[in-house]
Amino acid sequence: MFDLTTLIENLYLVGPARAKLLINLGIHTLNDLLFYFPRAHQDLSKFTPIADLKPGQQANIKAKILDVKSFRTKVRRFSLTQALVEDDSASILCVWFNQPFLTKVLKKNEYFIFSGKVTFKNSAKGGSASGGKIQLQNPVYEEVKKEQIHTSRLVPLYSLTANLTQKQLRYIIKTYLDKTTLAEYLPSEILRAEKLLDENRAVKTFHFPDNYAALSSAQSRLAFDEIFQTQLRVLQSKKSREQKKSLKIDTAISMEEKIRQLPFTLTEGQLQALKEIINDFNKLFPANRLLEGDVGSGKTIVAALALWLVAKNNLQGALLSPTEVLAQQHYGNLLKLFQNDGFDLALLTSSQTRINGNPATRATLLAQIASGKIKIVLGTHALLEKEVKFSKLALVVIDEQHRFGVQQRSILKQLNNTHLLTMSATPIPRTLALTLYGDLDLSRLKELPVGRQKIITRIVAEENRAKAYDFIAKQILAGRQVFVICPLIEESDKLGVKSAQTEFKKLSEQIFPQFKIGLLHGKIRPKEKESVMLEFKDNRINLLVSTSVVEVGVDVPNATVMMIEGSERFGLAQLHQFRGRVGRSEYRSYCFLFSDDPNSLQNPRLVALTESDNGFELAEKDLQIRGAGDLYGTKQSGYDFKIANLSNLDLVQRTRNYAEKLLNEDINLNSYPLLKQKIQAQPLVHLE
Ligand code: ADP
Ligand code: MG
Numbered sequence: 011m012f013d014l015t016t017l018i019e020n021l022y023l024v025g026p027a028r029a030k031l032l033i034n035l036g037i038h039t040l041n042d043l044l045f046y047f048p049r050a051h052q053d054l055s056k057f058t059p060i061a062d063l064k065p066g067q068q069a070n071i072k073a074k075i076l077d078v079k080s081f082r083t084k085v086r087r088f089s090l091t092q093a094l095v096e097d098d099s100a101s102i103l104c105v106w107f108n109q110p111f112l113t114k115v116l117k118k119n120e121y122f123i124f125s126g127k128v129t130f131k132n133s134a135k136g137g138s139a140s141g142g143k144i145q146l147q148n149p150v151y152e153e154v155k156k157e158q159i160h161t162s163r164l165v166p167l168y169s170l171t172a173n174l175t176q177k178q179l180r181y182i183i184k185t186y187l188d189k190t191t192l193a194e195y196l197p198s199e200i201l202r203a204e205k206l207l208d209e210n211r212a213v214k215t216f217h218f219p220d221n222y223a224a225l226s227s228a229q230s231r232l233a234f235d236e237i238f239q240t241q242l243r244v245l246q247s248k249k250s251r252e253q254k255k256s257l258k259i260d261t262a263i264s265m266e267e268k269i270r271q272l273p274f275t276l277t278e279g280q281l282q283a284l285k286e287i288i289n290d291f292n293k294l295f296p297a298n299r300l301l302e303g304d305v306g307s308g309k310t311i312v313a314a315l316a317l318w319l320v321a322k323n324n325l326q327g328a329l330l331s332p333t334e335v336l337a338q339q340h341y342g343n344l345l346k347l348f349q350n351d352g353f354d355l356a357l358l359t360s361s362q363t364r365i366n367g368n369p370a371t372r373a374t375l376l377a378q379i380a381s382g383k384i385k386i387v388l389g390t391h392a393l394l395e396k397e398v399k400f401s402k403l404a405l406v407v408i409d410e411q412h413r414f415g416v417q418q419r420s421i422l423k424q425l426n427n428t429h430l431l432t433m434s435a436t437p438i439p440r441t442l443a444l445t446l447y448g449d450l451d452l453s454r455l456k457e458l459p460v461g462r463q464k465i466i467t468r469i470v471a472e473e474n475r476a477k478a479y480d481f482i483a484k485q486i487l488a489g490r491q492v493f494v495i496c497p498l499i500e501e502s503d504k505l506g507v508k509s510a511q512t513e514f515k516k517l518s519e520q521i522f523p524q525f526k527i528g529l530l531h532g533k534i535r536p537k538e539k540e541s542v543m544l545e546f547k548d549n550r551i552n553l554l555v556s557t558s559v560v561e562v563g564v565d566v567p568n569a570t571v572m573m574i575e576g577s578e579r580f581g582l583a584q585l586h587q588f589r590g591r592v593g594r595s596e597y598r599s600y601c602f603l604f605s606d607d608p609n610s611l612q613n614p615r616l617v618a619l620t621e622s623d624n625g626f627e628l629a630e631k632d633l634q635i636r637g638a639g640d641l642y643g644t645k646q647s648g649y650d651f652k653i654a655n656l657s658n659l660d661l662v663q664r665t666r667n668y669a670e671k672l673l674n675e676d677i678n679l680n681s682y683p684l685l686k687q688k689i690q691a692q693p694l695v696h697l698e
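Just remember that this note's numbering sits 10 ahead of the position in the sequence shown, which is counted from 1.
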């Protein structure tokens with residue numbers, strides 16, 4: 011006996027060796043096996059008459075076996091099996107190498123379907139082309155039965171692993187599809203309203219569709235499921251968060267004075283976001299807010315003011331950054347901002363421990379965090395280590411949240427009563443905001459601070475490189491600074507040491523010997539990184555060569571040129587991030603896109619970047635061009651939307667409505683046990 015939770019090694023046809031292979035594919039249970047959907051289908055539903063076969067063609071024939079024999083070749087002594095087969099139009103020879111058992115399978119006078127490549131074979135005595143013959147080499151064969159699974163239909167093609175063939179996997183899946191009936195888990199009102207196939211039918215059809223129309227309705231049903239289930243998980247987690255209790259923050263403490271002292275006036279968007287955060291504080295449950303805003307829109311100050319309020323409440327706050335460089339930069343800024351506020355500020359990364367600007371031992375730091383003396387701690391993921399214990403942690407801010415991994419996210423999940431404010435410069439398309447991020451409240455900084463000019467973005471053809479260098483030299487002579495970003499060229503060079511070093515050498519020795527050039531890449535030690543950043547900030551370095559490793563958040567307003575090498579290798583969101591490093595002052599700024607690809611002038615991503623400076627627009631474009639998989643941590647979050655197209659806003663909204671209605675009636679889904687099971691089977695792993 012078996013059910014959907016039966017481990018695959020206990021399934022007939024599988025066994026321990028094959029189970030290992032299936033586990034490689036992520037298939038652990040019978041349920042996983044049935045939901046292991048094909049990556050594509052091959053259309054073998056039409057037959058070609060043998061007389062019409064042409065060399066080179068991928069063909070599908072239905073024929074009677076006239077003769078089969080197997081023998082060893084004289085020359086290289088391998089076994090050759092030949093079957094002469096015929097249909098109404100002609101006959102043809104099928105040949106297989108090293109499969110002598112085929113003489114037992116392919117029986118004379120029986121009908122088979124063969125599918126494979128038509129090759130041209132010179133006859134042994136031959137010479138002249140007309141003496142040659144066509145044949146089918148190593149075709150897939152299947153006896154003509156009532157139901158074909160490997161040939162003569164839309165045949166599913168699965169992603170495989172070594173030592174497992176399409177035919178084997180197809181056969182296992184088909185066998186268990188036939189042995190199983192999936193009980194419908196969707197409420198029948200939804201099924202009816204959406205005119206969906208039932209799940210059992212949809213799963214079976216998605217593997218073995220009769221035609222493309224059937225495949226498409228199966229797809230629609232399963233896409234609906236993916237998004238609907240996500241909505242339920244996300245909304246359930248939101249509702250359960252709302253049952254928790256947060257630390258009390260007195261929001262009556264006036265921030266006006268603090269805001270007045272800032273060197274600039276806050277934008278409308280910043281004030282609004284701050285208001286929304288304070289509003290969260292007034293509620294009695296932990297908030298989970300995402301502050302989205304284009305690069306340079308000024309998210310940091312919003313977070314800083316929220317942290318300030320927390321510190322003034324004698325509570326603690328933390329600001330997490332994805333990189334050392336960024337953590338240090340935030341630390342420097344906040345030290346200055348809070349210098350007269352009379353509370354303690356610390357920096358904690360894997361290489362640095364500081365209190366109020368002075369070095370401190372890790373032990374002291376940890377003790378003062380635990381006692382509550384330190385009010386605000388800035389750092390990298392080192393902050394998430396077990397030894398770091400806060401006494402009254404009220405707010406955690408996470409900068410560039412999408413750069414944190416699954417493990418770090420799951421630690422954050424354990425922050426039970428802490429307000430969470432995540433920040434991202436990668437604007438999330440509307441559909442994703444309503445699905446994956448649907449448990450978050452959103453604040454958006456739509457406009458940039460006043461006085462920023464549009465950044466001029468150009469794709470530069472290789473022949474204009476010298477001109478670009480001339481232009482850069484002029485900018486530097488006028489006192490401005492320049493970034494040069496290098497891509498990671500080789501897989502093995504994950505830290506980008508090689509490409510950045512080569513570029514650094516070229517620029518400092520040949521192109522700009524007269525200027526001071528700096529270098530940053532993933533292998534440079536944190537201390538040195540800090541000093542390079544500091545020199546760049548102080549304009550003691552004119553041009554900084556860097557890899558994408560240090561991409562995020564760096565703020566040097568005097569920099570006006572962003573030059574990107576191998577720009578076709580970067581995603582649109584990332585390119586937009588790079589560009590946002592410049593254009594942060596009153597000076598006119600430029601972004602030059604270089605590419606190793608001679609067709610770069612037509613590259614849709616690069617063109618999109620030259621046409622738009624709006625991060626939200628670019629995010630929607632990126633979603634269309636690349637799909638959701640690579641973006642927004644959908645893959646790393648464990649949400650792999652295999653079927654659903656996440657740019658379908660209409661579907662996203664409908665599923666959300668259903669999910670909300672259902673949860674409002676029955677938060678624990680107790681009246682829908684099957685649905686409940688599905689939701690629990692895949693827990694939510696992103697920030698909640
Ligand atoms: P991001 O949203 O990309 O993190 P930052 O917070 O680093 O942006 O802000 C970018 C720059 O803009 C910083 O130098 C910051 O001091 C400045 N800034 C922030 N808010 C304003 C404002 N309202 N007016 C002028 N400059 C601002
Ligand atoms: Mg930032």
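Every residue, glycine too, gets a C-beta built ideally from N, C-alpha and C.
> Going by C-alpha distance, which of 409, 75 and 318 is nearest residue 335?
Replying inline: Shortest Cα-Cα distance from residue 335 to any of 409, 75 and 318 involves 409.
> Can you give the Cα-Cα distance for residue 686 and residue 14, rounded to whole angstroms?
Replying inline: A direct Cα-to-Cα measurement between residue 686 and residue 14 gives close to 15 angstroms.
> Between which two residues does the alpha helix (DSSP H) carrying residue 216 extend?
Replying inline: Taken as a continuous stretch (DSSP letters only), the alpha helix (DSSP H) holding residue 216 covers 209-217.
>> On the CB-based measure, 16 or more other CB atoms within 10 Å of its CB, does residue 209 come out buried or exposed?
In response: Residue 209 comes out buried.
> For residue 543, which of helix, strand or coil comes out of DSSP?
Replying inline: DSSP places residue 543 in helix when its eight states are reduced to three.
>> Looking only at its chain, what residues have a beta carbon closer than 7 angstroms to the beta carbon of residue 49, apart from the 5 residues adjacent to it on each side?
In response: Once the five neighbours on either side are set aside, the close Cβ partners of residue 49 are 167, 168 and 169.
> Once you ignore the five residues that flank residue 688 on each side, which residues in its own chain have a CB closer than 7 angstroms to its CB?
Replying inline: 195 and 239.
> Would the beta-carbon of residue 591 fall within 8 angstroms of that of residue 569?
Replying inline: Less than 8 angstroms separates the beta-carbon of residue 591 from that of residue 569.
>> Nearer than 7 angstroms: is that true of the beta carbon of residue 631 relative to any heavy atom of the ligand MG?
In response: In this structure, the ligand MG has no non-hydrogen atom nearer than 7 angstroms to the beta-carbon of residue 631.
> Taking 7 angstroms as the cut-off, does the CB of residue 435 come closer than this to any heavy atom belonging to the ligand MG?
Replying inline: Because some heavy atom of the ligand MG lies under 7 angstroms away, the Cβ of residue 435 counts as near it: yes.
> According to the Cβ coordinates, are residue 530 and residue 542 closer than 8 angstroms?
Replying inline: Judged by their CB atoms, residue 530 and residue 542 are nearer to each other than the 8 angstroms cut-off.
> Exposed or buried, residue 395, counting other C-beta atoms within 10 Å across all chains shown (16 or more means buried)?
Replying inline: By the beta-carbon neighbour count (other beta carbons within 10 angstroms, threshold 16), residue 395 is exposed.
> Can you name the residues that DSSP bridges to residue 144?
Replying inline: Bridge partners of residue 144: 130.
> Where DSSP assigns a beta bridge to residue 318, which residues make up the other side?
Replying inline: According to DSSP, residue 318 shares a beta bridge with no other residue.
>> My output table needs one value for residue 194: the three-state DSSP class, helix, strand or coil.
In response: The answer is coil: DSSP assigns residue 194 none of H, G, I, E or B.
> Hey, quick one: how far does the beta strand (DSSP E) through residue 614 stretch, first residue to last?
Replying inline: Element bounds for residue 614: not the beta strand (DSSP E) but the alpha helix (DSSP H), 614-621.
>> My output table needs one value for residue 660: the three-state DSSP class, helix, strand or coil.
In response: Judged by DSSP in its simplified three-state form, residue 660 adopts helix.
> Shortest alpha-carbon distance to residue 289 belongs to which of 316, 266 and 525?
Replying inline: Restricting attention to 316, 266 and 525, the CA atom closest to the CA of residue 289 is found in 316.
> Roughly how many angstroms separate the alpha carbons of residue 95 and residue 217, rounded to a whole number?
Replying inline: When only Cα atoms are considered, residue 95 and residue 217 end up about 30 angstroms apart.
> Taking C-alpha atoms, which residue in 669, 233 and 389 lies nearest to residue 652?
Replying inline: Here the closest residue by C-alpha is 233.
>> Using 8 angstroms as the cut-off, can you tell me whether the region 254-264 makes contact with the region 292-310, which would need three or more C-beta pairs spanning the two stretches below that distance?
In response: Here the region 254-264 makes contact with the region 292-310; the two share three or more CB pairs at distances below 8 angstroms.
> Is the beta carbon of residue 307 within less than 7 angstroms of some heavy atom of the ligand ADP?
Replying inline: Because some heavy atom of the ligand ADP lies under 7 angstroms away, the Cβ of residue 307 counts as near it: yes.
> Going by alpha carbons, who is nearest to residue 393 out of 615, 451, 363 and 627?
Replying inline: That would be 363, whose Cα lies nearest to the Cα of residue 393.
>> I want to check one thing, is the minimum distance from the CB of residue 274 to the heavy atoms of the ligand ADP below 7 angstroms?
In response: Checking every heavy atom of the ligand ADP against the Cβ of residue 274, one is found closer than 7 angstroms.
> Can you tell me the Cα-Cα spacing of residue 11 and residue 190, whole angstroms?
Replying inline: Rounded to the nearest angstrom, the two C-alpha atoms are 11 angstroms apart.
> Nearest-angstrom Cα distance between residue 478 and residue 658?
Replying inline: Rounded to whole angstroms, residue 478 to residue 658 spans 41 angstroms at the Cα level.
> Hey, residue 345 and residue 327: beta-carbon distance below 8 angstroms or not?
Replying inline: Residue 345 is not a Cβ neighbour of residue 327, given a cutoff of 8 angstroms.
> Between the C-alpha atoms of residue 31 and residue 147, what's the straight-line distance to the nearest angstrom?
Replying inline: C-alpha separation (whole angstroms): 28 angstroms.
> Whole alpha helix (DSSP H) runs in the region 440-480 with 4 or more residues, listed along the chain?
Replying inline: Within the region 440-480, the runs of alpha helix (DSSP H) that reach at least 4 residues and sit entirely inside it are, in chain order, 440-444.
>> Within 8 angstroms, do at least three Cβ pairs link the region 220-228 to the region 149-166?
In response: Verdict: yes, contact present.
>> Can you tell me whether residue 362 is helix, strand or coil according to DSSP?
In response: Residue 362 falls in the coil class under three-state DSSP.
>> If you reduce the DSSP assignment to three classes, tell me which class residue 602 lands in.
In response: If DSSP states are grouped into helix, strand and coil, residue 602 belongs with the strands.
>> Please tell me whether residue 527 and residue 514 are closer than 8 angstroms, where the distance is taken between their beta carbons.
In response: Yes.
> Closer than 7 angstroms: is that where the CB of residue 332 sits relative to any heavy atom of the ligand ADP?
Replying inline: Every heavy atom of the ligand ADP is 7 angstroms or more from the Cβ of residue 332, so no.
> Between residue 613 and residue 465, what straight-line distance do the alpha-carbon atoms span, to the nearest angstrom?
Replying inline: Taking the straight line from one Cα to the other gives about 20 angstroms.
>> On the DSSP letters alone, give me the boundaries of the alpha helix (DSSP H) that residue 26 sits inside.
In response: Segment 25-34, the alpha helix (DSSP H) holding residue 26.
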